[in-house]
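Using mature numbering (1 follows the signal peptide of the UniProt record, and there is no 0), the letters of the sequence shown correspond one by one to residues -19 to -1, 1 to 326. The structure appears right after this line, and notes come after that.
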Amino acid sequence: MKAWVLYSSIFVLFYTCNAQCPSGFTRMESNLNKCYKYVQAAGVQADVAFGVCRNLGANVISIQSAAENNELNIVIKNCINDTQNCGSAWIGLLWQNTTSDNSYSWSDGESVGYLNIDHSTQYCNDGFLGQHFYTSWNRLWYNCPYSSYNGHIHGVLCEYLLVKPPTQTPTTSSSTTKRTTPTTTPTTTTTTTRKTTTPSTTTQAPVGNCPAGWYQSLYNKGNCYLFVSSAKDWNTANFQCFAVDQRASLATVEYAFINTEILTTAEKAAPKCNDFFIGLHQDNQYSPWVWINGDTASYRNWRNSYPNYGDHGKNANCGVLNMKDGKWTNDVCIGKSKCYICLGM
């Protein structure tokens, strides 16, 4: 037994040192077994954030030491985008709202040891506490509800473990049986789980090469559109597109014929929606309008007198496709919910 444990430990150490993180993830210096990815999306809600990590084949991160916490704090404070989109991120700590010593748990099943919780509600507008925790710029963790947090959450930290920690010894047959029993169930479990992340309310069959619920473009057979009638703000909508398919984002509309195609399809796919968020945005009212993929918006289809900052203020920096006339207007990116259109490849 001791020899087996020693051999296993050596193998795990060797594998950990030589294993590579998945594409887009960074090796954690304070824990070489852990890879992380900071996915930014201002105003994202916890349930959407958890879906994004799952779609990456990862979990929302657990933080096991002060060294890990400090390392991740540098990441969320020094991200690439504008500083207004940095400074906090959802983590995997959950609160069960009890007085028990076991009221905290990590969503990935890791044991709870290190904690850095601020039990005050100084950042909660209404003083209430929620189930999910986020880490903030000051290294402390808070659990204000999404709707209550002053400034909203700026993203999520996902983790990928190179070596999964063993939970049981491999020497007893009963232990082995318990571990293998779940894998003998029908393999439809995985498919069902991925389906539930799709927010679409359509019931369309697969069209061409597009998944069920998506519509294939007649002009570009590689483009698939998802029309979502479950209203979200612009930031959360884009995050949700990514949660459904990490190749997807809010739709780009780069030609007049594409605008017409989307408008016609939207009338069938989501007839109850009056307008849709699309992937058009700007950093501020003086910045150029660009698409979510970074391309300059050379084709414009603004309604007369738009973009208009008088109605919605200087923060009306996100584009909206209106069903009434097919024209575009601008609205605020956070705090205003609308239907939205995802573009997948």
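The beta carbon of each residue, even a glycine, is placed where N, CA and C say it ideally should be.
- The stretch 2 to 11 makes no contact with the stretch 82 to 102, as fewer than three CB pairs between them are under 8 angstroms.
- The Cβ atoms of residue 137 and residue 271 do not sit closer than 8 angstroms to each other.
- Taking the C-beta atoms as reference points, residue 258 is found no nearer than 8 angstroms to residue 247.
- The continuous alpha helix (DSSP H) containing residue 244 extends over residues 237 to 250.
- By the neighbour-count criterion, in which a residue is buried when 16 or more other Cβ atoms sit within 10 angstroms of its Cβ, residue 135 is buried.
- Less than 8 angstroms separates the beta-carbon of residue 225 from that of residue 207.
- In its chain, beyond the 5 residues on either side, 99, 104, 114, 115 and 117 have a beta carbon closer than 7 angstroms to the beta carbon of residue 123.
- Exposed is the label assigned to residue 47, since fewer than 16 other Cβ atoms lie within 10 Å of its Cβ.
- Remark: C-beta atoms of residue 216 and residue 315 approach each other more closely than 8 angstroms.
- Around the C-beta of residue 305, fewer than 16 other C-beta atoms lie within 10 Å, and the residue is accordingly described as exposed.
- Judged by DSSP in its simplified three-state form, residue 35 adopts helix.
- By the neighbour-count criterion, in which a residue is buried when 16 or more other Cβ atoms sit within 10 angstroms of its Cβ, residue 90 is exposed.
- DSSP, read as helix, strand or coil, puts residue 221 in helix.
- Distances from the CA of residue 295 to each of 318, 307, 15 and 268 were compared; the closest alpha carbon is that of 268.
- When DSSP states are grouped into helix, strand and coil, residue 322 belongs to the strand group.
- According to the DSSP secondary-structure assignment, residue 257 is paired through a beta bridge with 302 and 320.
- For residue 138, the enclosing beta strand (DSSP E) begins and ends at 136 to 142.
- Rounded to the nearest whole angstrom, the CA to CA distance from residue 21 to residue 139 is 11 angstroms.
- Approximately 44 angstroms separates the beta-carbon atoms of residue 249 and residue 142; this is outside 8 angstroms, ruling out the contact.
- Each residue's CA atom was taken as its position, placing residue 219 and residue 205 some 15 angstroms apart.
- With 16 or more other Cβ atoms from the protein chains shown falling within 10 Å of its own Cβ, residue 53 counts as buried.
- Residue pairing by DSSP places residue 196 opposite 206 in a beta bridge.
- Note on residue 279: under 16 other CB atoms within 10 angstroms of its CB, so exposed under the neighbour-count rule.
- For residue 72, the enclosing beta strand (DSSP E) covers residues 69 to 76.
- Per DSSP, the beta bridge partners of residue 41 are 139.
- Excluding five sequence positions before and after residue 191, the CB atoms of its chain that fall closer than 7 angstroms to its own CB belong to 197 and 205, given in chain order.
- With fewer than 16 other Cβ atoms inside 10 Å of its own Cβ, residue 237 counts as exposed.
- Closest by C-alpha distance to residue 274, out of 311, 326 and 251, is 326.
- A direct Cα-Cα distance of roughly 11 angstroms separates residue 303 from residue 321.
- Under the three-state reduction of DSSP, residue 273 is assigned to coil, being neither helix nor strand.
- Rounded to whole angstroms, the gap between the alpha carbons of residue 251 and residue 195 is 12 angstroms.
- Under DSSP, residue 20 forms a beta bridge with 137.
- Going by DSSP, residue 97 is part of no beta strand (DSSP E) at all; its letter is neither H nor E.
- Taking C-beta atoms under 8 angstroms as the contact rule, residue 68 and residue 57 qualify, at a distance of about 6 angstroms.
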